[in-house]
Each structure stands twice: as structure tokens, then as C-alpha cells.
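Q:
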Amino acid sequence: MKRFLTSSLLASVLLAGTSLASANAQENHVAVLIDGSSSYGIMHDSSFANRIGDDLVNRLPAFKMRDRLTLAPVGDYTYSNPVKELQVSKRLSPSRVPAMLKGLVVSFPEMIRKRGAPKSTNILGALDKLSRRMDCSTSSGYVFVLSDGAETGQKMTLPSEPIFKGCDRFVMLGLAGKTPAETKKQGTFWNRWCKSAGFKSCDWLS
Numbered sequence: 001m002k003r004f005l006t007s008s009l010l011a012s013v014l015l016a017g018t019s020l021a022s023a024n025a026q027e028n029h030v031a032v033l034i035d036g037s038s039s040y041g042i043m044h045d046s047s048f049a050n051r052i053g054d055d056l057v058n059r060l061p062a063f064k065m066r067d068r069l070t071l072a073p074v075g076d077y078t079y080s081n082p083v084k085e086l087q088v089s090k091r092l093s094p095s096r097v098p099a100m101l102k103g104l105v106v107s108f109p110e111m112i113r114k115r116g117a118p119k120s121t122n123i124l125g126a127l128d129k130l131s132r133r134m135d136c137s138t139s140s141g142y143v144f145v146l147s148d149g150a151e152t153g154q155k156m157t158l159p160s161e162p163i164f165k166g167c168d169r170f171v172m173l174g175l176a177g178k179t180p181a182e183t184k185k186q187g188t189f190w191n192r193w194c195k196s197a198g199f200k201s202c203d204w205l206s
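Residues 1 to 206, numbered by my numbering, are exactly what the sequence shown covers, in order.
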């Protein structure tokens, strides 16, 4: 009898611990910002767009129900830049998200051609706007910037404070300068920007 009670108590404690861990598990908040400028390779090379889509999918976290997605273009700093927010649910199941995001990357150039190409590239402005939507004290934040990394909307400066403090990862995909040296210089800047912004992990890929 004593052994039965001890086993039952242990099971109750383990179950309670499991429930508590589930309750405290943070949701993922994944943001994808896409550059629609003519200098970015996906705008005129479908093979490159497919590769960038694959690079994105391969770096996504494992999605679960109630995770959040924020999707936005990187272009003119105006109110007309659409920001789409989605939540993983029965309608958008975790297993469907990667394919949906790759499809977005591949179809993005056609959408931009219909809307009109941006007159500038405002990566810093888009990131500043995003920082007000992403709270990494309550969620695990992942930011993917699909761009060649060439900011034309303003001077390339580091953030004055960690606007993405505690966020997990920043990745720029498709970064490319006119020369290998320029590519490396831009990559160095964006890694410095990432660390100054408060991300735990920083990376870029050409």
C-alpha cells in the first residue's frame, strides 16, 4: 500500500511538472522581411529565389500551435508597406508553415511587379518598426531579412539601444556586395548591428 501511494505521488508530481513546463514554454515569433529592390537577386532570378526559400526553410525553428508570424516587405518607408501577422493554428498547421513561407519567397517578385518596385531600401526602418511588434521577454524571436543588405533609405548606423533584447536569432539571406570585399564589409556591419540590437545569435549568407 505504501509503495502504491509513493508511486501515485511521484506520478502526480511528474505530471504537474510536465504541465508547468508546457505552460511556461514560450511561443515562437518568426518575422520574415523581404527586399523588393531591383538589386536583390530574387527579383530577376527564379533559381536564386528558390535557393533563398530553401535557405530560409532550413533555418526556421520547429513550429507549434499558437506560434506567431510577421511578414513584411523591405522598401519605401511609408504607411502603404503591408504588414501581415498570422498565427499557427488548425487553419495554418505547423507542418504547412515552411512550405507557405517558401511559396511567399518564390512568388514575391511577381507581387512587387504588380504593386510597383520600391524607390528605396529601408532595412533599418523595417527592423525598427518590427521591434515594436516583437517582445522577446515573452516569446522566442527569430528575424530573417531576405536582402542583399544594401541600405539606401538612411545612413547605416548601429542601434542606440538593444531594440531586440533577448531575441534568439537574426539571419540575413542573400547578402551580396559588388565584390567579395564589399560583401564581407556588409556582412560585418550587419553582424555588428545584430549584436548591438540584442540578438543572441547573428548570421548571414550570400
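Using N, Cα and C, we set each Cβ at its ideal position, and we do this for glycine too.
In this text, all values refer to a predicted model and were calculated from it rather than measured experimentally.
(1) How would you write the range of the beta strand (DSSP E) that Lys84 sits in, first residue to last?
(2) How is Gly187 classed by DSSP in three states: helix, strand or coil?
(3) Keeping to the same chain, check which residues put their C-beta closer than 7 Å to that of Pro118; ignore five residues upstream and five downstream.
(4) Exposed or buried, Asp45, counting other C-beta atoms within 10 Å across all chains shown (16 or more means buried)?
(5) Rounded to whole angstroms, what is the Cα-Cα separation between Ala31 and Thr183?
(6) In whole angstroms, what separates the C-alpha of Glu161 from that of Glu110?
(7) Does DSSP classify Asp54 as helix, strand or coil?
(8) Drop a sphere of 10 angstroms on the beta-carbon of Gly116, count the other beta-carbons inside from all chains shown, and report buried for 16 or more, exposed for fewer.
(9) Please go through the same chain and pick out, in chain order, the residues whose beta-carbon is closer than 6 Å to the beta-carbon of Asp67, but skip the five residues on each side of it.
(10) What does a CB cutoff of less than 8 Å around Ala150 pick up in its chain, not counting 5 residues either side in sequence?
(11) Within the segment 136-198, note down every full beta strand (DSSP E) run reaching 3 residues or more, in order along the chain.
(12) Are Leu101 and Leu60 close, meaning C-beta to C-beta below 9 Å?
(13) Return the bridge partner residues of His29 from the DSSP annotation.
(14) Quick test of your reading: Phe144 and Leu173, contact by CB under 8 Å. State the CB separation rounded to the nearest angstrom.
(15) Between which residues of its own chain and Thr152 is the CB-CB distance below 7 Å, once the five residues before and five after are set aside?
(16) From this set, Ala181, Met65, Ala72, Ser139, which residue's C-alpha is nearest Leu146's C-alpha?
(17) Would you tell me roughly how many angstroms separate the C-alpha atoms of Cys136 and Ser196, rounded to the nearest one?
(18) Can you tell me which of the three DSSP states Leu205 falls into?
(19) The alpha helix (DSSP H) spanning Asp45 covers which residue range?
(20) For Pro73, write down the residues that DSSP places opposite it in a beta bridge.
(21) Short of 6 Å in beta carbon distance, which residues of its chain neighbour Cys194, apart from the five on each side in sequence? Order them along the chain.
A: In short:
(1) The count along the sequence shown starts at 1 and reaches residue 84 at position 84. Taken as a continuous stretch (DSSP letters only), the beta strand (DSSP E) holding Lys84 covers 84-87.
(2) For the purposes of this step, residue 187 is taken as residue 187 along the sequence shown, with counting starting at 1. Here Gly187 sits in helix by DSSP.
(3) If you number the sequence shown from 1, residue 118 lands on position 118. The answer, listed in chain order, is Gly36, Ser37, Gly75, Asp76.
(4) Taking the first residue of the sequence shown as 1, we reach residue 45 at position 45. So Asp45 ends up on the exposed side.
(5) Residue numbering aside, residue 31 sits at position 31 when the sequence shown is read from its first letter. Residue numbering aside, residue 183 sits at position 183 when the sequence shown is read from its first letter. Between Ala31 and Thr183, the C-alpha separation is close to 24 Å.
(6) As a position in the sequence shown, residue 161 is number 161, starting the count at 1. As a position in the sequence shown, residue 110 is number 110, starting the count at 1. Approximately 37 Å, taken between the alpha carbons.
(7) Numbered from its first residue, the sequence shown carries residue 54 at position 54. It is helical.
(8) Your numbering for residue 116 matches position 116 in the sequence shown. So Gly116 counts as exposed.
(9) Residue 67 sits at position 67 when you count from the first residue of the sequence shown. Closer than 6 Å at the Cβ level, and outside the excluded window around Asp67, lie Glu27, Asn28, Val88.
(10) As a first step, residue 150 must be located in the sequence shown, where it is residue number 150. Same-chain partners within the cutoff: Ser37, Ser39, Thr121, Gly177, Gln186.
(11) 139-146, 169-173
(12) Here residue 101 corresponds to residue number 101 of the sequence shown, with the count starting at 1. Here residue 60 corresponds to residue number 60 of the sequence shown, with the count starting at 1. For Leu101 and Leu60, yes; Cβs fall inside 9 Å.
(13) If you number the sequence shown from 1, residue 29 lands on position 29. Partner(s): Arg68, Gly141.
(14) In the sequence shown, counting from the first residue as 1, residue 144 sits at position 144. In the sequence shown, counting from the first residue as 1, residue 173 sits at position 173. Right, the Cβ-Cβ distance comes to about 6 Å (below 8 Å), so this counts as a contact.
(15) What you label residue 152 is simply residue 152 of the sequence shown in a count that begins at 1. Around Thr152: Ser120, Thr121.
(16) As a working note, residue 146 is residue 146 in the sequence shown. Of the listed residues, the one whose Cα sits closest to Leu146 is Ala72.
(17) By 1-based counting over the sequence shown, the position of residue 136 is 136. By 1-based counting over the sequence shown, the position of residue 196 is 196. C-alpha separation (whole angstroms): 15 Å.
(18) Taking the sequence shown and counting its residues from 1, one reaches residue 205 at position 205. Note: Leu205 maps to strand in three-state DSSP.
(19) By 1-based counting over the sequence shown, the position of residue 45 is 45. Neither: Asp45 is in no alpha helix (DSSP H) and is coded neither H nor E.
(20) If you number the sequence shown from 1, residue 73 lands on position 73. DSSP output for Pro73 lists Ile34 as bridge partner(s).
(21) By one-based count along the sequence shown, residue 194 stands at place 194. Same-chain partners within the cutoff: Phe170, Cys202.
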